[in-house]
């Protein structure tokens, strides 16, 4: 009897799944585009001028008016860090000119502290302490050195019992740790999400915000919650940036996946609070020059934090060319602060993509991104950019640093290599006249 009932239940379940699949196919058939190009009947993926949620939740303490820029130790060094590496990195940021371009945070990630808190009789709770072997001079001395270079020092902790590398976390130690960081001269805190005891991040992250504010020292607060509880919906009142995704790795697949996930939350970023799709992998060796250029272009367009993740002490000319592109950086740091997004895609697996976003002075940043392997012509029609088809537009290529058109109308097309992108500034005729 039990076997009969089991077979009956399985048959019913198969039937339900089959009906569901049929319904899914039917729905999919209704929403498939009638033509791979926008022809008036199709609609763009997103409205790049939708700023209904823009700036509502962001902090207004004067920090993070534009996305943060700097360097972090984790992507290249992981736990193999010491004060010599940090000092040499600060020196390299200055000598390469990257510091002058805005890369001013030097961020120490995990593994800087001793494995246990320093429990002195005067401090029953125990105090965080820099690992004596790798940071013998202490964090205060290191901060002084970094500050002497005109840069700022960042440090790492965790909204849990331990950090991800099992060093002491700051959960339930927020006041003491924030006071300690401030006394050292720390300017930036990356706050991770490991060993969180199952407590909701909405409850674990605000106490550190309050503790940092109580120090009286301006400290950039970077939430690293991995996007688990959709921090874009609540973190704007808590920190200056919030991770929207899991960790990036140095591959095309990881970078493109993370870009797509971060794109979902575009409407929630703005001056005072930014979506963070994780640090840059540019220069770490896992992608080609063209792939890294696309990585940097999309991160800049998305108003993502531009946190270098390679070894800048040994930076190559190709990597420096990408990271030091002033025109692309200017898109990221534009004062309007609206996150660019994917506005249209077509072709095989939707790999021909148009990403765009408004800039100050009525301009647009536009990226034509080819995520297929073969070279293709990608077209951006004015309709998907929110422009009238009759508007004349001047177009500047931000990688060639030259104008490629002074009077385009209705659409613009370009040949784009596989796994590459081209990035432009579109200036409509009326905007060009108003700024001339």
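In this note's numbering, the protein residues as written are 49 to 484.
Yeah, the Cβ is synthetic: ideal placement off N, Cα and C, and Gly gets one too.
Classification of residue 310 by the beta-carbon crowding that lies within 10 angstroms, buried from 16 upward: buried
Of the residues 235, 297, 271, 237, the one placed nearest residue 252, counting alpha carbons only: 271
Residue(s) in a DSSP beta bridge with residue 118: 153, 355
Residues of its chain near residue 69, where Cβ-Cβ distance is below 8 Å and the 5 sequence neighbours each way are ignored: With a pLDDT of only 32 at residue 69, under 50, the local geometry of the prediction cannot be trusted, and the value read off the model is given with reservation. Answer for residue 69: no residue qualifies.
Reduced DSSP category for residue 76 - H, G, I as helix; E, B as strand; rest coil: Unreliable positioning characterises residue 76 in this predicted model, as indicated by a pLDDT of 28, which lies under 50. A coordinate reading is not provided.
For residue 441, the first and last residue of its enclosing beta strand (DSSP E): 440–445
Three-state secondary structure (DSSP) of residue 462: strand
From 458, 435, 426, residue whose alpha carbon lies closest to that of residue 471: 426
Coarse secondary structure for residue 246, derived from DSSP in three states: coil
Under the three-state DSSP convention, the category residue 265 falls into: coil
Beta strand (DSSP E) segments (min. 3 residues) lying fully within the stretch 393–434: 400–406, 412–418, 424–429
Those residues which DSSP pairs with residue 270 across a bridge: 238, 289
Given residue 232 as reference, the closest of 424, 260, 213, 186 once Cα atoms are compared: 186
Residue 453, enclosing alpha helix (DSSP H) - first and last residue: Where residue 453 is concerned, there is no enclosing alpha helix (DSSP H), although the beta strand (DSSP E) it sits in stretches over 450–457.
Coil, strand or helix - residue 232 by DSSP: helix
Given residue 414 as reference, the closest of 387, 399, 421 once Cα atoms are compared: 387
Through-space distance from residue 292 to residue 475, alpha-carbon basis: 31 Å
Rounded C-alpha distance that separates residue 37 from residue 237: A query on residue 37 cannot be resolved here, the shown segment of the chain reaching from 49 to 484 and no further.
Backbone secondary structure at residue 203 - three-state DSSP: strand
Burial state of residue 397 (16 or more Cβ within 10 Å): exposed
Residue 338, DSSP secondary structure in three states: helix
Straight-line Cα distance separating residue 212 from residue 243: 7 Å
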